[in-house]
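Novice: Dropping the structure in here first, questions after.
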Amino acid sequence: MHILASLLCYTILKLIQEILMSRVFPFISVDNARKAIDVYKQAFVTEEIGMPTYYKEFYDDPSIANKIAHMTLSIEGSPLFINDAHEQPDTEQSRFTVNVEVESKDKVDKAFRALKKDAKHMYYEPIDLGWSDLGFSLKDQFGVIWMVYVVE
């Protein structure tokens, strides 16, 4: 019985570890990642996780030396990887949207005020979405499509 209990505990711990280790989150490439990070800090509750990695660590090209190769930003508690686009032309074709669920209308309004500045496209301004009391969607100045809405 003791061996069976130990095996069960081990199996449960491995399952918990797999659940905690498995994640899916966006990695976005933009022109001027530092500026994008600053805008996203105005829009959301954010935290920079660790230190940015710069292209100078991988390439001898001085034109990209101080551009961000990788940075992890926690947005409303969820990770987002971001970097300066390198050898990735902006084709204006984006087939992904970053969804952000927030707990208040004030947070939706705050995000909208920060992200709408120089937005490339406004899909819809803050409105009642039916399934959410308030939300908006736009393509920001960096070409990232955002859908931000309140979940109560």
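Counting the sequence shown from 1 gives a position; my numbering is that position plus 8.
Each residue gets a CB set at the ideal place from its N, CA and C atoms; glycine is no exception.
Secondary structure at PHE120, three-state DSSP: helix, strand or coil?
Specialist: As a first step, residue 120 must be located in the sequence shown, where it is residue number 112. Three-state result, PHE120: helix.
Novice: Measure from the alpha carbon of ARG42 to the alpha carbon of each residue in PHE150, ASN107, PHE52, then state which is nearest.
Specialist: The residue given as residue 42 occupies position 34 in the sequence shown. Nearest of PHE150, ASN107, PHE52 to ARG42, Cα basis: PHE150.
Novice: Expressed to the nearest angstrom, what Euclidean distance is found between the alpha-carbon atoms of LEU146 and GLU109?
Specialist: Along the sequence shown, read from residue 1 onward, the residue named residue 146 stands at position 138. Along the sequence shown, read from residue 1 onward, the residue named residue 109 stands at position 101. Going by the C-alpha atoms only, they are around 15 Å apart.
Novice: Can we say the stretch 41-55 touches the stretch 80-88, given the rule of at least three CB pairs closer than 8 Å?
Specialist: Yes: the two stretches touch, three or more of their Cβ pairs being nearer than 8 Å.
Novice: Below 8 Å on the Cβ atoms is my contact criterion, and I expect ILE116 with LEU137 to pass it. Report the Cβ-Cβ distance as a whole number of Å.
Specialist: Counting from 1 along the sequence shown, the entry for residue 116 is found at position 108. Counting from 1 along the sequence shown, the entry for residue 137 is found at position 129. Inspection of the sequence shows that residue 116 is occupied by Val rather than by Ile. In fact, because the Cβ distance is near 10 Å, the residues do not count as touching under 8 Å.
Novice: So for GLU133, helix, strand or coil by DSSP?
Specialist: Here residue 133 refers to the residue found at position 125 of the sequence shown. In the structure shown, GLU133 sits in a strand (DSSP, three-state: E or B).
Novice: Would you say TYR62 and LYS49 are within 8 Å of each other, going by their C-beta atoms?
Specialist: What you label residue 62 is simply residue 54 of the sequence shown in a count that begins at 1. What you label residue 49 is simply residue 41 of the sequence shown in a count that begins at 1. Their beta carbons are not under 8 Å apart, which means TYR62 does not touch LYS49 by this criterion.
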